[in-house]
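Encoded as structure tokens, the structure appears first; notes follow it.
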């Protein structure tokens, strides 16, 4: 079973490479989706209690159905869906292999400048 999961993860990686080449905001979407997935873990039991899953699939955000319960609409949402699938498969693969997550998130939040931090502008070009 692990080989099938690894194959699916590789296929999702190939799909992500296509979006990486075509979407200018890919890295921002990647970080946002990672944070979103870490905030709200997928709960299958809760998902199966939602009556909206009994409706025919819709692809428009105007339906009021959350993104993870409907089909993607447009290239940006297709990229978001591909990113989410990649994260789910990657997480499953790491869990089954008992490996820790050591590459994500891409941004180290401790090195980011925070509100009220003092900035040293010495030796900086100011326009």
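In the numbering used here, the protein residues as written are 1205 to 1331. Using N, Cα and C, we set each Cβ at its ideal position, and we do this for glycine too.
Nonlocal neighbours in the same chain, by C-beta distance under 6 Å from residue i, ignoring five residues either side
i            : result
residue 1227 : 1283
residue 1301 : none
residue 1263 : 1275, 1277
Spatial neighbours of residue i in its chain, beta-carbon cut-off 7 Å, leaving aside the 5 residues before and after
i            : result
residue 1305 : 1298
residue 1265 : 1277
residue 1241 : 1288, 1291
residue 1308 : 1238
Buried/exposed call for residue i, threshold 16 Cβ in 10 Å
i            : result
residue 1274 : buried
residue 1293 : buried
residue 1189 : Shown here, the chain extends from 1205 to 1331; a query on residue 1189 therefore has no answer.
residue 1328 : exposed
residue 1286 : buried
residue 1267 : exposed
Contact set for residue i: own chain, Cβ-Cβ below 8 Å, skip 5 residues either direction
i            : result
residue 1323 : 1317
residue 1210 : 1297
Selected residue, minimal CA-CA separation from residue i, among the options
i            : options                : result
residue 1251 : 1234, 1321, 1223, 1269 : 1269
residue 1244 : 1272, 1205, 1281       : 1272
residue 1233 : 1325, 1320, 1326, 1280 : 1280
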